[in-house]
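Those protein sequences? They're chains A and B, same order as listed.
The numbering used here puts the first residue of the first sequence at 15, with every later residue one more than the last.
The numbering used here puts the first residue of the second sequence at 1215, with every later residue one more than the last.
Note that CB positions come from ideal geometry on N, CA and C, so glycine has one too.
In this text, all values refer to a predicted model and were calculated from it rather than measured experimentally.
Here is the structure we will look at.
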Amino acid sequence: KNEVEQSPQNLTAQEGEFITINCSYSVGISALHWLQQHPGGGIVSLFMLSSGKKKHGRLIATINIQEKHSSLHITASHPRDSAVYICAAPATIIQGAQKLVFGQGTRLTINP
Amino acid sequence: EPEVTQTPSHQVTQMGQEVILRCVPISNHLYFYWYRQILGQKVEFLVSFYNNEISEKSEIFDDQFSVERPDGSNFTLKIRSTKLEDSAMYFCASRKRTSGQETQYFGPGTRLLVL
């Protein structure tokens, strides 16, 4: 069964800083999800990626399948980026229901 | 853009009472999921549902839990006799394809408090 670990658990930065959140997982997978959880608790899917890099606005996600590692970067961070960022991976490499195993989340606070 | 919806957003109930949490997945999606997040803990998988039956369930999903897709649009999670430890945020998610990798779309969650 896959284990997903994130670092750091908490991150505080000043507006404008470049942010990196890391995720590692134990079982080889074909794709990984990055999610954002708002202060109210709702979850939004940011990325699903299986190789290389994806970019959406100021968010960039990278993955190295061989090293079982992914990073989420935020450029020119803004206070509205403050949220919990969660990575999630399929529990197994077997195709099928694709239930997700979640990391513990990284609480990001961007100060003005 | 289509989205997953959940009702209610908040529910407070007494221990031992039955609750039904409702979800409307995205209309052309085929796989449905319930996850939960106890305050301060990781999100954890409860159950997945495909072709009108459970495809996988976790150890948490015991006989007190059941899921149903009664009318082709709603997807419900029932907790028969709630316990204090059932207090959590419950998320519904749906996915389009039956094979390969596909993004799961999450609903906004239902916050359940059992007193």
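Distance CB(residue i)-CB(residue j) smaller than 8 Å
i, j, result
"GLU59/A", "LEU49/A", "Before going further, note that residue 59/A is Ser rather than Glu in the sequence given. For SER59/A and LEU49/A, yes; Cβs fall inside 8 Å."
"LEU1326/B", "SER1301/B", "yes"
"PHE1320/B", "VAL1218/B", "yes"
"GLN1220/B", "PRO1322/B", "yes"
"LEU25/A", "CYS101/A", "no"
"TRP1248/B", "LEU1291/B", "yes"
"VAL18/A", "VAL98/A", "no"
"SER1280/B", "SER1269/B", "no"
"ILE79/A", "SER65/A", "yes"
"SER91/A", "ALA27/A", "yes"
C-alpha distance - residue i paired with residue j, whole-angstrom precision
i, j, result
"ARG1309/B", "LYS113/A", "11 Å"
"PRO126/A", "GLU1232/B", "45 Å"
"LYS82/A", "TYR39/A", "6 Å"
"GLN1255/B", "THR76/A", "25 Å"
"ARG1283/B", "PHE1305/B", "16 Å"
"PRO22/A", "LEU1253/B", "19 Å"
"GLN118/A", "GLN51/A", "12 Å"
"MET1229/B", "ASP1285/B", "29 Å"
"LYS179/A", "PHE61/A", "Not covered by the structure: residue 179/A. The range shown for chain A is 15 to 126."
"ASN1288/B", "ASN1266/B", "12 Å"
"GLU1258/B", "ILE88/A", "26 Å"
"ILE124/A", "GLY54/A", "17 Å"
"HIS1243/B", "ARG1311/B", "7 Å"
"GLU1273/B", "PRO104/A", "17 Å"
"VAL1328/B", "ILE33/A", "38 Å"
"ASP29/A", "THR1317/B", "As written in the sequence, residue 29/A is Glu, which differs from the Asp given in the question. In a straight line, the C-alpha of GLU29/A is about 30 Å away from that of THR1317/B."
"THR1227/B", "CYS37/A", "37 Å"
"GLY56/A", "SER1223/B", "10 Å"
"LYS1271/B", "ASN16/A", "16 Å"
"LEU1235/B", "HIS70/A", "33 Å"
"ILE35/A", "LEU122/A", "9 Å"
"SER96/A", "GLU31/A", "13 Å"
"GLN1278/B", "TYR1245/B", "22 Å"
"THR120/A", "PRO93/A", "15 Å"
"LEU63/A", "VAL41/A", "16 Å"
Continuous beta strand (DSSP E) stretch holding residue i: start and end
i, result
"ILE124/A", "120-125"
"GLY66/A", "66-70"
"GLN51/A", "46-51"
"PRO104/A", "97-104"
"THR76/A", "73-78"
"ILE57/A", "57-63"
"ARG94/A", "Segment: none, ARG94/A is in no beta strand (DSSP E) and carries neither H nor E."
"THR1324/B", "1324-1328"
"SER1308/B", "1302-1309"
Those residues which DSSP pairs with residue i across a bridge
i, result
"ASN36/A", "SER21/A, SER85/A"
"GLN1220/B", "CYS1237/B"
"VAL115/A", "ALA103/A"
"THR26/A", "THR123/A"
"VAL1226/B", "LEU1327/B"
Per-residue contacts from residue i into chain D (C-beta, under 8 Å)
i, result
"VAL1233/B", "Protein chains in the displayed structure are A and B, and chain D is not among them."
At what residue ranges does the region 1230-1295 of chain B contain a whole run of the alpha helix (DSSP H), taking only runs of 4 or more?
none
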